[in-house]
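J.:
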Amino acid sequence: MIENILLLIPLIIILCGALFIMMISPNKEFDKIKTVNITIFILSLAFAYDIFLLYGSDFMTIHTKSKIFNGMLFIDSISIFVSMLLIFLSIVVVLSSRFYFSNHTFVRLEYFVLVLFALFGMILMSMCGELVSLFIALEISSLSLYVLVGFEKTRPKSNEAILKYFILNSFIGAFFVMGVAFVYGAIGSTYIVDISSYFVQNDIFQNKLLLVGFSFVLVSVLFKIGAFPFHNWSLDIYSGANIPISAFLLSASKVASFVFFIRIIIEGFGSASSYWQPILYIITIGTLFVGNFLSYNQSKVKDMLIASSIVHTGYILVYLSTINSFSIDTISPIIFYLFAYSIAISGVLMILSYIINTSTVEGYFEEFKGLAKQRPFSAFTLSILMLSFVGYPLTIGFLGKFYLFASSMQNGGALLVMFGVINTILSLYYYLKIIVYMYFYKDAVSFDFRATFLMKVSVYVIVLAVILGGLGLTINIDNLALILK
Amino acid sequence: MIEFSLTLLILLPFIVGGIVLVVPLLESLRKAIIFATLIIVMLISINLFFVQDLASISFSYTIIKHFGVEYSIGVDGVSLLIIMIVGLSFPPIFLLLSHQSSGYWGNMLLLQSSLMGVVLVQDLIMFYIFWEAMLVPIFIMIGLYGEDGKVLASLRLLLYTMVGSLFMLFAIIYLGYKHFIDFGVWSFAINNLSNLSLNSFEGSMLFFCFMLAFGIKLPLFPFHQWLSDGYARAPIGATFMLSAVASKVAVYAILRFVLPLFPQEFVYYADMFIMLGIFSMVFFAMSALAQTDLKRLLAYSSASHLGLIIAGIFALNYDGFSGSIYQIVAHALGTGFLFLLVAIIEQNTSTREIKNLGGIAQKAPFLAIYFMIGLFAIIGVPSTSGFVGEILALVGIMRVDIIYGVFGGLSIVFGAVYMLNMYKSAIFGYTSTYTKDMQDLTKKQLFALFPFIIVIFLLGMYPKMIQDKIDNTINTYLTHIHSKGIK
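Chains B and Y, in that order, give the protein sequences.
Adding 649 to a residue's 1-based position in the first sequence gives its number in the working numbering.
Adding 34 to a residue's 1-based position in the second sequence gives its number in the working numbering.
1. At a CB distance below 9 Å, what residues from the stretch 183 to 199 of chain Y approach chain B? Give them in sequence order.
2. Ignore the nearest five residues each way along the sequence and tell me which others in ILE508/Y's own chain have a CB closer than 8 Å to its CB.
3. Could you tell me how far apart the beta carbons of LEU512/Y and ALA398/Y are, in whole angstroms, since I believe they sit closer than 8 Å?
4. Please report the residue range of the alpha helix (DSSP H) in which THR369/Y lies.
5. Can you tell me which of ALA1055/B, GLY889/B, ILE1004/B, SER900/B puts its alpha carbon nearest to the alpha carbon of PHE1098/B?
6. Alpha carbon to alpha carbon, how far is SER314/Y from ALA345/Y?
7. So, SER845/B versus GLU801/B, is the Cβ gap smaller than 8 Å?
8. Check whether the stretch 299 to 314 of chain Y and the stretch 200 to 215 of chain Y touch, using three or more Cβ-Cβ pairs below 8 Å as the test.
9. Between the C-alpha atoms of ILE1045/B and LEU1117/B, what's the straight-line distance to the nearest angstrom?
10. Using a Cβ cut-off of 8 Å (strictly closer), state whether TYR33/Y contacts chain B.
11. Relative to the alpha-carbon of ASP725/B, which residue among VAL741/B, LEU773/B, SER693/B, LEU987/B has its alpha-carbon at the smallest distance?
12. Mind listing which residues of the stretch 1056 to 1073 of chain B have their C-beta closer than 7 Å to chain D's C-betas, in chain order?
13. Short check: CB of LEU203/Y to CB of TYR162/Y, under 8 Å?
14. For a minimum of 3 consecutive residues, which ranges assigned as the beta strand (DSSP E) are wholly contained in the stretch 872 to 933 of chain B?
15. Run through chain Y and tell me which residues come within less than 7 Å of LEU1043/B, C-beta to C-beta.
16. List the endpoints of the continuous beta strand (DSSP E) containing GLY180/Y.
17. Please classify MET499/Y: is it buried, with 16 or more other beta-carbons within 10 angstroms of its beta-carbon, or exposed?
18. Suppose the cutoff is 7 Å on Cβ atoms and the five residues either side in sequence are ignored; what does the same chain contact list for PHE877/B look like?
19. Rank ALA450/Y, GLY51/Y, LEU293/Y, VAL170/Y by C-alpha distance to the C-alpha of HIS516/Y and give the top, closest one.
20. Once DSSP output is grouped into helix, strand and coil, what is the label at ILE661/B?
21. Which two residues bound the contiguous beta strand (DSSP E) that contains GLU104/Y?
22. Just to confirm before moving on: does the CB-CB distance between GLY889/B and ALA810/B stay below 8 Å?
23. Can you list, in chain order, the residues of its chain whose CB lies under 7 Å from that of TRP139/Y, leaving out five sequence neighbours each side?
24. Comparing C-alpha positions only, which one of VAL197/Y, ALA278/Y, ALA266/Y, SER123/Y sits nearest to LEU246/Y?
25. Should TYR208/Y be flagged as near chain B, meaning a C-beta pair shorter than 8 Å?
26. Mapping the DSSP letters down to three states, classify PHE766/B as helix, strand or coil.
27. Put ASP544/Y into one of helix, strand or coil per three-state DSSP.
28. Using only CA atoms, which one of ALA695/B, ILE673/B, VAL685/B lies nearest to ILE663/B?
29. What span of residues does the beta strand (DSSP E) with PHE723/B cover, start to end?
30. Quick one, which of PRO893/B, PHE701/B, SER958/B has its alpha-carbon nearest HIS880/B's?
31. What residues in the stretch 39 to 66 of chain Y bring their beta carbon closer than 7 Å to a beta carbon of chain B?
32. Hey, how far is the Cα of GLY1084/B from the Cα of ILE994/B?
33. Using DSSP bridges, identify the partner residues of LEU839/B.
34. Check whether the Cβ of ILE174/Y lies closer than 8 Å to any Cβ atom in chain B.
35. Under 8 Å Cβ-Cβ, which residues of chain B neighbour PHE214/Y?
36. Could you give the DSSP three-state label for LYS716/B: helix, strand or coil?
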């Protein structure tokens, strides 16, 4: 048991790093730039250890789920992959925050502490084996995210966002805990493995208490991923946050939410799919169309990206509505799509973080006119990432959509795939809008932004990953299955 | 070895195009690199023409094992013709337009790469990838280098085509899934998918998804709204590629993919599509009569002849097939050639309106002669390339029903009417303010356009050159239809 503690070292690194920054923050010597570097160093350490876990696992038995603390936490290959992805996304987010410090003096070093704590919570979420610890991890990340969303104290929109976020998430957290209580009352255990083995002999409809408890849990999980009837304030919340934190929410938080969904619904309650699959069909269709209609009405690029994340949630839901068992093969398309989407959205928001500074450029679509003439590489990278969202061939977004749709069809969801295709067509409008404005119009404002070297490098790395992914050269469905085995 | 050269046809322009777009090069170096690439592509295409046994060329490389997506190359008669058109037409265009910017030619090279890719691959997902890849270079070129109203024109073209393509993607994935259901593995190779048996509802639905995508690209009657603006506002390189090649690729795809996959629906709906083709022919010919802008007139004329090609294909007999396939080459040459001349006229006189032009024959006799030859090729005067395809296609559709032939012949007459009328007004007659100081074709332009003239007459007087190549292919299609299609 003790040697399994070694599997938790990435988490420990992040935690100690956060505490360390918290302790050094009053010291005037550590200005914000140095702290950025320190944070990235910490994150890289954790990432490196994860790679070690993934590949050099001869003396630790990774092949079966390795339990820690008697099954309360466990590590399987999905946990490791997801934690690597989340760490990478956090590095991108921390880099994007760089310009926030020069423009806004309110930023204090606790910003990084909170990012690290949120990341800690998210990685912990992917490692949890039972519902209560899932909730604890969820709350750790949520509380950190509340403060991060409302970090700009002087902006009314931020204050509105934090209030909405806090109230809504606390409410949903209460739903979740109530549901877990009912489930525990019905089954007698909160371990996910126990829940899934309960369904071997029993049917969910017989046990009314379980049915009610599961419904509560389902509602809170659907809220976390931002599905159709629960998406109402997500646009307000995410747009009230500043750009790096929006990036964090849209990329890392979405990945963590889907892992949350997978662990509970697919792994735990997968056998009860006769109950939740029909519900999910309707929710998927609603999510797709509502997300598109919301995105059509946005006049700011950042808001459009936030609303379009609802549509991408819809695409993943198309596939989730068709699976009912948990295995590496069934989960691979989701992980791949999350990978493709999260790195692209974090890349886009990183580019936006240095283009949009509210003094000259506020982020409306019209302000992007003529960007291609002035800054060809920024425009080019932005275009490639937008094309990846659309699912244009030769980008990783196309392969992601293809895997999702083909796998959905394989499980019998042809009608849902049709809706997915229709909504891809609908989403063409707002993704191409930026490209058209950037390239085909004359400039309205003159852009005087500078990106640091590291930011440029990371943007190019992301774009390269997107294109290479489109060619099938990075992770694709074949070697993803290999990696995850 | 030959397979490697075919992959080179796709890769080389792609890489060089990417370099030209991204890396700032000295102008002379850039021109040299582009020209060298185009010459290499041309040589590979010519080499392909002399290969004896096309069916033996095959190459396959698995890209995604789990879903059976392969990069597999093969050539058949029709794709050979399109490769020849693309390979041979690019160098003369480069000679004419070498002054254009690096972005222009970078996009043209990317376009060439994706055009080669579309006709070479035998796997549906790869086909879809290259089909979509055709769109963005054209979109960028129209949007950046077009004339006023370019943004709307390029957006309309892109969105219209992408809607069709996405329905086609759904159909493609569904076909792969059907293969998985029937045979246990996913596969998208056309040879494997031809073995599927689809019930009539599925077959019709998928058939129409495919035909929607190709009907938009061609264009066929109800989906032609993007045509006029798209051709008119595009820069000449894009217009040439759109009219000469991209539309033909749609025809090729119908023959290569829709026919083997859905033979029953192909035969069942053949009448409908003949009528649609003939109606497009007549409708677009009448639209061409009404145009005052040279480029739009040629755009509608191009669409009208494409209607004939489609009608010929859905006639489902030997004459119809061979006429249509022949007409692919003839039409590409003739229309492309005329578009180039119109661009030169516009360059020299700064106008394209017919009423502003006139008397070009007096000031620029060589231009007038070239224009006349192109005109003859389009109308289908015997001894030019246009005649052979037209007569065969007409015979083909007449074999189905005499009334089709009547309307087909009628639209041919219309073609002559609007073309000759345009010629009279724009080229003959008295000079106008715009044309009175016009200069004739320069030596470079004469030299660059001369190959078109040669091939027009060569194909007109010795059609056997192409007939041999496509004979096998046509027989394959016919046997496929007669064996699998029900009437």
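Where a beta carbon is used, it is the ideal one built from N, C-alpha and C, also for glycine.
T.: According to the data block:
1. LYS184, VAL185, SER188, LEU189, LEU192, LEU193, MET196, VAL197: these are the residues of the stretch 183 to 199 of chain Y whose beta carbon lies less than 9 Å from some beta carbon of chain B, given in chain order.
2. Walking along the second sequence from the start, residue 508/Y turns up at place 474. The beta carbon of ILE508/Y sits closer than 8 Å to those of GLY111, TYR352, PHE355, SER356, ILE359, all from its chain and outside the five residues before and after it, given in chain order.
3. As a position in the second sequence, residue 512/Y is number 478, starting the count at 1. As a position in the second sequence, residue 398/Y is number 364, starting the count at 1. Actually they are not in contact, since the Cβ atoms of LEU512/Y and ALA398/Y sit about 47 Å apart, beyond 8 Å.
4. Against the second sequence, residue 369/Y aligns to sequence position 335. Taken as a continuous stretch (DSSP letters only), the alpha helix (DSSP H) holding THR369/Y covers 352 to 383.
5. Counted from its first residue, the first sequence places residue 1098/B at position 449. That would be ILE1004/B, whose Cα lies nearest to the Cα of PHE1098/B.
6. As a working note, residue 314/Y is residue 280 in the second sequence. As a working note, residue 345/Y is residue 311 in the second sequence. In a straight line, the C-alpha of SER314/Y is about 9 Å away from that of ALA345/Y.
7. Stepping through the first sequence from its first residue, residue 845/B is reached at position 196. Stepping through the first sequence from its first residue, residue 801/B is reached at position 152. For SER845/B and GLU801/B, no; Cβs fall outside 8 Å.
8. no
9. Along the first sequence, read from residue 1 onward, the residue named residue 1045/B stands at position 396. Along the first sequence, read from residue 1 onward, the residue named residue 1117/B stands at position 468. Answer to the nearest angstrom: the Cα atoms are 7 Å apart.
10. Limits of chain Y in this structure are 35 at one end and 521 at the other, which puts residue 33/Y out of reach.
11. Locating residue 725/B in the first sequence gives position 76, counting from the first residue. Answer by Cα proximity: LEU773/B.
12. No chain D appears in this structure, whose protein chains are B and Y.
13. The residue given as residue 203/Y occupies position 169 in the second sequence. The residue given as residue 162/Y occupies position 128 in the second sequence. Result yes, Cβ atoms of LEU203/Y and TYR162/Y sit closer than 8 Å.
14. Correct list: empty.
15. Here residue 1043/B is taken as the residue at index 394 of the first sequence, counted from 1. The answer, in chain order, is ILE163, ALA167.
16. The residue you call residue 180/Y lines up with position 146 of the second sequence. Per DSSP, GLY180/Y belongs to no beta strand (DSSP E) and is neither H nor E.
17. Position 465 of the second sequence, counted from the start, is the residue given in the question as residue 499/Y. Result: exposed.
18. Taking the first sequence and counting its residues from 1, one reaches residue 877/B at position 228. In chain order, ILE932, GLY935, THR936, VAL939 place their CB closer than 7 Å to the CB of PHE877/B, counting only its own chain and leaving out the 5 sequence neighbours on each side.
19. Within the second sequence, numbered from 1, the residue matching residue 516/Y stands at position 482. That would be LEU293/Y, whose Cα lies nearest to the Cα of HIS516/Y.
20. The residue labelled residue 661/B in the question sits at position 12 within the first sequence. If DSSP states are grouped into helix, strand and coil, ILE661/B belongs with the helices.
21. Sequence index remark: in the second sequence, residue 104/Y carries index 70 (1-based). Element bounds for GLU104/Y: 103 to 108.
22. Counting from 1 along the first sequence, the entry for residue 889/B is found at position 240. Counting from 1 along the first sequence, the entry for residue 810/B is found at position 161. For the 8 Å CB-CB criterion, GLY889/B and ALA810/B form a contact.
23. The residue labelled residue 139/Y in the question sits at position 105 within the second sequence. Closer than 7 Å at the Cβ level, and outside the excluded window around TRP139/Y, lie VAL54, ILE68.
24. Stepping through the second sequence from its first residue, residue 246/Y is reached at position 212. If we check each option's Cα against that of LEU246/Y, VAL197/Y comes out closest.
25. One-based indexing of the second sequence puts residue 208/Y at position 174. At a cut-off of 8 Å between beta carbons, TYR208/Y contacts chain B.
26. Taking the first residue of the first sequence as position 1, residue 766/B is located at position 117. It is helical.
27. The question about residue 544/Y has no answer here: the residues shown for chain Y are numbered 35 through 521.
28. Taking the first sequence and counting its residues from 1, one reaches residue 663/B at position 14. Among ALA695/B, ILE673/B, VAL685/B, the Cα nearest to that of ILE663/B is on ALA695/B.
29. Translated into the one-based positions of the first sequence, residue 723/B becomes position 74. 722 to 724 is the span of the beta strand (DSSP E), which, as asked, contains PHE723/B.
30. Within the first sequence, the letter at position 231 stands for residue 880/B. The candidate whose alpha carbon is nearest that of HIS880/B is SER958/B.
31. none
32. Along the first sequence, read from residue 1 onward, the residue named residue 1084/B stands at position 435. Along the first sequence, read from residue 1 onward, the residue named residue 994/B stands at position 345. Going by the sequence as given, residue 1084/B is Ile instead of Gly. Cα atoms of ILE1084/B and ILE994/B: separation of roughly 16 Å, rounded to the nearest angstrom.
33. Taking the first sequence and counting its residues from 1, one reaches residue 839/B at position 190. Note that residue 839/B corresponds to Thr in the displayed sequence, not to Leu. Answer by DSSP bridge pairing: none, since THR839/B is not bridged.
34. As a first step, residue 174/Y must be located in the second sequence, where it is residue number 140. Chain B contact via Cβ: present.
35. As a position in the second sequence, residue 214/Y is number 180, starting the count at 1. The contacting residues are GLN1059.
36. Walking along the first sequence from the start, residue 716/B turns up at place 67. Residue state, collapsed to three classes: strand.
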